[in-house]
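Student: Chains as they are written, first to last, in the numbering used here: chain C, 1 to 120; chain D, 121 to 256.
The beta-carbon is built from N, C-alpha and C at its ideal position, and this holds for glycine as well.
Quantities reported herein were computed from a predicted structural model and do not represent experimental measurements.
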């Protein structure tokens with residue numbers, strides 16, 4: 001998104017990482033919402049693979065789509081639902097911490113540029 | 121569905137919470153009708169159950185929940201011999217609603233756990249969105 005404008009690498013990998021984290025949050029929230037739906041198959045983004053694809057030039061949402069995989073349940077349930085709430089909650093909180101960290105990197109980059117512009 | 125805007129995290133959580141509420145209402149109705157008697161097997165109360173289905177929003181890739189319907193269970197009413205009951209038939213039997221109170225309690229517990237999970241996930245997501253908004 002940013003590299004189409006004049007500032008190619010202002011945020012480096014973090015801009016794409018933030019977008020991917022946001023997409024992954026949506027998918028994990030879908031899993032949590034469908035914890036009681038018979039036959040629902042839980043999905044997740046392979047974050048490492050998606051980020052690798054996105055940083056080598058693939059569009060972020062295309063990279064996310066291509067790295068979206070079905071989760072293998074630890075214990076399959078009779079109704080065909082593969083959501084295991086503890087795993088989803090763990091993945092969700094891990095993703096939230098990752099999002100906050102990426103956001104912090106972006107924020108400090110903006111602070112650096114602001115300080116350089118102000119010159120004090 | 122074509123004219124609808126893409127689903128947001130808030131819409132997703134709202135639909136999920138509504139679905140869990142339908143499920144909880146069904147369990148509460150069953151509990152309220154536990155032990156009710158009627159004059160025949162056909163008119164006896166049958167437990168109701170919400171049926172969920174996945175509702176995938178292709179524009180955003182989010183999968184929300186929809187309640188496909190509320191169905192009646194096929195459980196058979198329990199015959200009870202009670203000749204003094206005003207509703208008793210010629211054999212002196214009444215028909216009691218086949219509600220399993222323990223199963224209904226478990227159903228309510230599960231629905232409320234899943235509702236709480238959604239609220240928790242939504243509040244985390246909302247906090248992250250606010251952090252992104254306030255970034256200067």
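1) For residue 236 (chain D) and chain C, any beta-carbon pair shorter than 8 Å?
2) In the DSSP assignment, find the alpha helix (DSSP H) that holds residue 21 (chain C) and state where it starts and stops.
3) Pick out whichever of C:102, C:96, C:117 and C:17 has its Cα sitting closest to the Cα of residue 56 (chain C).
4) Who are the Cβ neighbours of residue 80 (chain C) in its own chain at under 7 Å, not counting the five residues just before and after it?
5) Consider the Cβ of residue 136 (chain D): report whether some Cβ of chain C lies at a distance smaller than 8 Å.
6) Thinking C-alpha only, which one of D:218, D:225, D:138 and D:229 is nearest residue 163 (chain D)?
7) Leaving out five residues on either side along the sequence, give the residues of the same chain with a beta carbon under 7 Å from the beta carbon of residue 64 (chain C).
8) Check whether chain D comes within 8 Å of residue 66 (chain C), counting only Cβ atoms and requiring the distance to be less than that.
9) Is residue 103 (chain C) near residue 251 (chain D), with beta carbons less than 8 Å apart?
10) Please state if the CB of residue 170 (chain D) and the CB of residue 143 (chain D) are separated by a distance shorter than 8 Å.
11) Classify residue 95 (chain C): buried if its beta carbon has 16 or more other beta carbons within 10 angstroms, exposed otherwise.
12) Would you call the CB atoms of residue 161 (chain D) and residue 215 (chain D) closer than 8 Å?
13) Looking at the strands, I want to know which residues DSSP matches up with residue 165 (chain D).
14) For residue 251 (chain D), go through chain C and note every residue whose CB falls closer than 8 Å to its CB, in chain order.
15) For the putative contact between residue 85 (chain C) and residue 237 (chain D), defined by C-beta atoms under 8 Å, what is the C-beta separation to the nearest angstrom?
16) When DSSP labels each residue in this structure, what does residue 101 (chain C) get in the three-state scheme?
17) Give the single residue among D:168, D:126 and D:176 whose Cα lies nearest to the Cα of residue 194 (chain D).
18) In the DSSP assignment, find the unbroken beta strand (DSSP E) run with residue 69 (chain C) in it and report its ends.
19) Within the 8 Å Cβ cut-off, does residue 108 (chain C) reach chain D?
20) So, at 6 Å on beta carbons, what are the nonlocal neighbours of residue 140 (chain D) in its own chain, with the 5 sequence-adjacent residues on each side left out?
21) Using the beta-carbon count (16 or more within 10 Å), is residue 15 (chain C) buried or exposed?
Tutor: The short version:
1) Reading the second chain from its first residue, position 116 is the one you call residue 236 (chain D). For residue 236 (chain D), the answer is no, since every Cβ of chain C falls outside 8 Å of its Cβ.
2) The residue labelled residue 21 (chain C) in the question sits at position 21 within the first chain. Note, residue 21 (chain C): alpha helix (DSSP H), 14 to 33.
3) Translated into positions along the first chain, residue 56 (chain C) becomes position 56. Here the closest residue by C-alpha is C:17.
4) The sequence position of residue 80 (chain C) within the first chain is 80, counting from 1. So the list reads 38 and 39, once near-sequence residues are dropped.
5) Taking the second chain and counting its residues from 1, the one referred to as residue 136 (chain D) is at position 16. Judged by the 8 Å Cβ criterion, residue 136 (chain D) is in contact with chain C.
6) Counting from 1 along the second chain, the entry for residue 163 (chain D) is found at position 43. Nearest of D:218, D:225, D:138 and D:229 to residue 163 (chain D), Cα basis: D:218.
7) To locate residue 64 (chain C), count along the first chain from 1; it is residue 64. Around residue 64 (chain C): 20, 23, 45 and 50.
8) Mapped onto the first chain, residue 66 (chain C) falls at position 66. Chain D contact via Cβ: absent.
9) Stepping through the first chain from its first residue, residue 103 (chain C) is reached at position 103. Stepping through the second chain from its first residue, residue 251 (chain D) is reached at position 131. Yes, these two residues count as a Cβ contact at 8 Å.
10) Taking the first residue of the second chain as 1, we reach residue 143 (chain D) at position 23. Taking the first residue of the second chain as 1, we reach residue 170 (chain D) at position 50. The answer is yes: Cβ separation under 8 Å.
11) Locating residue 95 (chain C) in the first chain gives position 95, counting from the first residue. With 16 or more Cβ atoms within 10 Å of its Cβ, residue 95 (chain C) is classed as buried.
12) Indexing the second chain from 1 puts residue 161 (chain D) at position 41. Indexing the second chain from 1 puts residue 215 (chain D) at position 95. Result yes, Cβ atoms of residue 161 (chain D) and residue 215 (chain D) sit closer than 8 Å.
13) Here residue 165 (chain D) corresponds to residue number 45 of the second chain, with the count starting at 1. DSSP, once it has assigned bridges, lists no residue as partnering residue 165 (chain D).
14) Within the second chain, the letter at position 131 stands for residue 251 (chain D). Per Cβ cutoff of 8 Å: 100 and 103.
15) Locating residue 85 (chain C) in the first chain gives position 85, where the first residue counts as 1. Locating residue 237 (chain D) in the second chain gives position 117, where the first residue counts as 1. So it is a contact: roughly 6 Å between Cβ atoms.
16) Position 101 of the first chain holds residue 101 (chain C). The answer is helix: DSSP assigns residue 101 (chain C) an H, G or I state.
17) The count along the second chain starts at 1 and reaches residue 194 (chain D) at position 74. The shortest C-alpha separation from residue 194 (chain D) is found at D:168.
18) Here residue 69 (chain C) refers to the residue found at position 69 when the first chain is read from its first residue. 68 to 70 is the span of the beta strand (DSSP E), which, as asked, contains residue 69 (chain C).
19) As a working mapping, residue 108 (chain C) is identified with position 108 in the first chain. Not closer than 8 Å to any Cβ of chain D, the Cβ of residue 108 (chain C) fails to qualify, so no.
20) For this step, residue 140 (chain D) is matched to residue 20 along the second chain. Hits under 6 Å: 231, 234 and 235.
21) In the first chain, counting from the first residue as 1, residue 15 (chain C) sits at position 15. Residue 15 (chain C) is buried by the Cβ-count criterion.
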